[in-house]
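Listed in order, the protein sequences are those of chains A and B.
Last residue of the first sequence: number 331 in our numbering, and the count goes up by one each step with no gaps.
Last residue of the second sequence: number 331 in our numbering, and the count goes up by one each step with no gaps.
We treat Cβ as the ideally placed atom computed from N, Cα and C, and that holds for glycine.
Notes to accompany the following structure.
2 protein chains.
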Amino acid sequence: MFDIRHLRYFLAVAEEGNVTRAAEQLGLQQPPLSQQIKALEQELDVQLFRRKPRGMELTDAGRALQVDAKHILGHMAKARAKVERTARGEQGNVVVGFTSSAPFHPFLPRLFRLFGERFPHVSLTLEEHGTTELVEGLRAETIDAAFVRSPVAESHGLSVHAISIEPMFVALPNNHPLAPVPGVDNFPPLALEDLADEPFILYRRHTGPGFYDLIIAACNRAGFTPKIAQEAPRLISTLNLVAAGLGVTLAPESLRSLQLEGVAYRSLKSDPGLTAPLNLACRAVDHSAAARRFVEMARAEARATKAAKEDGGNNNA
Amino acid sequence: MFDIRHLRYFLAVAEEGNVTRAAEQLGLQQPPLSQQIKALEQELDVQLFRRKPRGMELTDAGRALQVDAKHILGHMAKARAKVERTARGEQGNVVVGFTSSAPFHPFLPRLFRLFGERFPHVSLTLEEHGTTELVEGLRAETIDAAFVRSPVAESHGLSVHAISIEPMFVALPNNHPLAPVPGVDNFPPLALEDLADEPFILYRRHTGPGFYDLIIAACNRAGFTPKIAQEAPRLISTLNLVAAGLGVTLAPESLRSLQLEGVAYRSLKSDPGLTAPLNLACRAVDHSAAARRFVEMARAEARATKAAKEDGGNNNA
DNA sequence: ACATGGCATATAAATATCATATGGATAATG
DNA sequence: CATTATCCATATGATATTTATATGCCATGT
């Protein structure tokens with residue numbers, strides 16, 4: 015097999031039409047270049063040049079090779095660049111998983127947009143799954159990073175980064191006695207114990223245990239055990255069931271932006287234990303450079319967002 | 015610069031996921047293969063594999079390279095094949111020139127068709143020029159082979175192959191006294207001296223001196239000097255001028271197939287000196303393999319045609 | 001005729017590649 | 001828990017390939 019050097023040498027001679035000048039340009043002497051050209055011709059068993067007293071002239075076969083040789087060299091240069099970009103995390107693919115509630119948080123679309131601008135050669139693959147599947151996916155390396163709402167255990171080679179902590183709000187059917195009257199503002203925050211006798215609709219525990227347990231625990235702290243009317247497979251489904259009048263639920267702040275027919279929202283008296291975290295989980299080691307870039311950017315953006323918010327709340331810090 | 019060998023080695027390891035087995039498959043020992051992989055990684059300044067106790071696993075950068083490496087190797091194989099085909103004359107381009115009268119000879123379309131079937135990767139470029147330009151073109155290597163009607167001098171590095179020798183016929187205006195009456199067959203061949211007083215229309219001498227001189231010479235042999243009424247720039251134009259009643263002309267047999275309004279044809283008493291040769295001229299040396307193939311096929315086909323004709327005329331030879 | 005430009009050949013040195021032998025690390029097994 | 005097996009990395013000497021120097025040969029142009 016002939017190699018790249020042969021092609022480089024060949025191209026130089028083809029373009030100069032002169033071994034001596036080509037050798038000069040390649041930084042070697044004329045005899046070895048003549049030899050290498052001859053070796054290439056023997057390897058291909060084809061005459062590539064006609065030797066003329068004034069220099070070398072391509073044969074038809076040589077001209078045919080010239081075209082391909084250029085392409086191949088170009089292709090190699092491109093391959094090299096691609097490899098290097100990939101290694102720097104500037105090219106590749108990152109599989110981002112998230113639970114059903116995560117994409118309503120404005121952080122995600124913003125991050126995706128920013129990442130796409132900063133790393134245009136990295137494609138993002140988005141996958142929605144339950145928390146359990148997400149963690150499995152991280153382990154199995156089918157997912158590179160996952161937005162989850164529960165505090166996934168850091169053990170087992172996963173690391174978890176806090177992105178945001180949101181307060182929860184209450185979602186009630188429109189016609190519920192505790193629902194705010196439309197048009198009237200400034201309803202005071204509800205206390206959790208006001209909901210002691212209400213049927214609760216919760217996100218199915220086995221899909222995402224974090225939320226479920228969080229709410230149960232908060233209710234217990236508030237002095238009651240909630241009555242579970244129904245479990246829903248996705249966080250949004252709980253709101254649909256609320257709309258149907260089957261009960262009430264608690265949901266993180268960011269879900270408030272979607273205005274569902276028949277659902278009324280009320281804030282909740284703050285309970286430091288009852289918050290909806292948004293976390294980004296990834297493998298502690300073994301991630302691709304592109305995935306690393308993604309997580310880095312997510313953390314930086316989360317810090318920036320948090321700083322901006324604190325600054326906004328406390329302007330003369 | 016890394017070369018093809020590196021890529022071959024890399025691909026083998028990438029596909030086996032195991033240096034030892036890859037080495038075996040490549041027909042070398044494990045240590046040098048390990049070394050070459052390492053060398054490639056250093057050259058690219060990128061880690062291509064993760065070393066695991068069970069073997070080697072591609073990194074993202076490695077995966078990126080794997081794709082390109084396959085393409086590049088495939089491209090090299092294709093380039094090699096193309097060069098070899100070109101050298102064998104099975105790929106390329108042949109520039110075929112011809113004078114204006116040549117394409118009416120059935121030999122040309124037949125040859126073009128046969129050649130296209132036999133050498134599908136060779137493209138033919140057809141160019142019509144005067145004989146002078148054709149010869150210049152052959153010299154300047156802008157034309158590879160040329161069909162001419164005159165016996166081009168073999169000297170000056172050109173070789174000429176006889177393709178066909180056609181008798182000439184007389185073209186007369188429809189209303190000429192010598193013109194055959196339509197509907198009546200079997201007009202005897204005219205003798206050249208019958209045309210002694212007719213105005214002649216001839217193919218312009220400087221465009222293609224062969225024909226011109228041939229006719230003048232034949233007339234001289236027949237005992238008269240023809241009266242040149244007009245010269246035409248192309249052989250077909252002479253027939254058009256005949257149609258316009260400006261005179262008579264002589265043309266090779268194959269032109270008889272085009273039936274022009276106002277032109278009548280009569281055969282001519284055979285004169286061994288007054289024939290229209292169809293010749294194929296090419297450079298004696300220095301032709302591409304594809305051009306060589308073309309000329310070879312033309313000569314073979316000419317021989318076959320001649321044999322068939324002789325056989326047809328003299329069936330019990 | 002002679003000088004010039006340019007490729008080919010010969011030989012020796014430098015470099016790259018390979019095989020053999022061996023070390024070290026991790027996972028599977030008794 | 002020690003042992004074995006597997007597999008990659010390193011060291012070193014051998015071999016092959018590539019390069020440089022010196023020189024020859026041929027055609028061209030003056």
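Closest Cβ-Cβ distance between residue i and chain B: below 9 Å?
| i | result |
| --- | --- |
| Gly31(A) | no |
| Thr139(A) | no |
| Thr146(A) | no |
| His159(A) | It is worth fixing the name first, because residue 159(A) is Ala in this sequence and not His. Chain B contact via Cβ: absent. |
Under 9 Å between C-beta atoms, does residue i make it to chain A?
| i | result |
| --- | --- |
| Asn329(B) | Because the pLDDT at Asn329(B) is just 49, under 50, the model does not fix this residue reliably, and the value given afterwards should be weighed accordingly. Not one chain A Cβ lies under 9 Å of Asn329(B). |
| Ala53(B) | no |
| Ala154(B) | no |
| Gly106(B) | yes |
| His119(B) | no |
| Thr319(B) | no |
What does DSSP give as the partner residues of residue i in its beta bridges?
| i | result |
| --- | --- |
| Gln49(A) | Looking at the DSSP assignment, Gln49(A) forms no beta bridge with any residue, so it has no partner. |
| Phe161(B) | Phe112(B), Leu294(B) |
| His242(B) | It should be pointed out that residue 242(B) corresponds to Ile in this sequence rather than to His. Its beta-bridge partners are Phe214(B). |
| Ile179(B) | Pro291(B) |
| Lys66(B) | Gly69(B) |
| Pro194(A) | In the DSSP output, where bridge partners are listed per residue, Pro194(A) has none listed. |
| Glu29(A) | Partner(s): none; Glu29(A) has no beta bridge. |
| Tyr279(B) | Ala185(B) |
| Thr139(A) | Val109(A) |
| Leu264(B) | Val184(B) |
| Val60(B) | Its beta-bridge partners do not exist; DSSP assigns none. |
| Leu172(B) | Arg297(B) |
| Leu204(B) | Leu282(B) |
Cβ closer than 7 Å: which chain B residues qualify as neighbours of residue i?
| i | result |
| --- | --- |
| Ala290(A) | None at all; the shortest Cβ gap to chain B is about 33 Å. |
Taking Cβ-Cβ distances shorter than 9 Å, what residues in chain B pair up with residue i?
| i | result |
| --- | --- |
| Val97(A) | Leu58, Val60, Leu62, Ala75, Gly76, Ala78, Leu79, Asp82 |
| His85(A) | His89, Ala93 |
Just the chain A side, please: which residues come within less than 7 Å of residue i by C-beta, in chain order?
| i | result |
| --- | --- |
| Thr100(B) | Asp74, Ala75, Ala78 |
With three or more beta-carbon pairs closer than 8 Å as the criterion, would you say the region 249-264 of chain B touches the region 213-226 of chain B? yes
Residues within the region 295-314 of chain A neighbouring chain B, beta-carbon criterion of under 7 Å: Ser302, Ala303, Ala304
Compile a chain-ordered list of the residues in the region 15-43 of chain B whose CB is closer than 8 Å to at least one CB of chain A. Met15, Phe16, Asp17, Ile18, Arg19, Arg22
Closer than 8 Å is the cut-off here; do at least three beta carbon pairs connect the region 56-70 of chain B with the region 51-58 of chain A? no
Does the region 73-92 of chain B come within contact of the region 114-125 of chain B, defined as at least 3 CB pairs closer than 8 Å? no
Three or more C-beta pairs under 8 Å: does that hold for the region 304-323 of chain A against the region 154-164 of chain A? yes
Three CB pairs or more closer than 8 Å across the region 195-204 of chain A and the region 19-35 of chain B: no
Counting Cβ pairs, one atom from each stretch, are 3 or more of them under 8 Å apart for the region 138-148 of chain B and the region 88-97 of chain B? no
If you pair each beta-carbon of the region 170-189 of chain B with each one of the region 279-299 of chain B, do three or more pairs fall below 8 Å? yes
Pairing CB atoms from the region 110-122 of chain A with CB atoms from the region 136-145 of chain A, are three or more of them under 8 Å? yes
With contact counted as at least three CB pairs below 8 Å, one residue from each stretch, are the region 234-246 of chain B and the region 318-325 of chain B in contact? Three or more beta-carbon pairs separated by less than 8 Å are not found between the region 234-246 of chain B and the region 318-325 of chain B, which leaves the two stretches without contact.
Should the region 289-303 of chain B be regarded as contacting the region 170-183 of chain B, the criterion being three or more beta carbon pairs within less than 8 Å? yes
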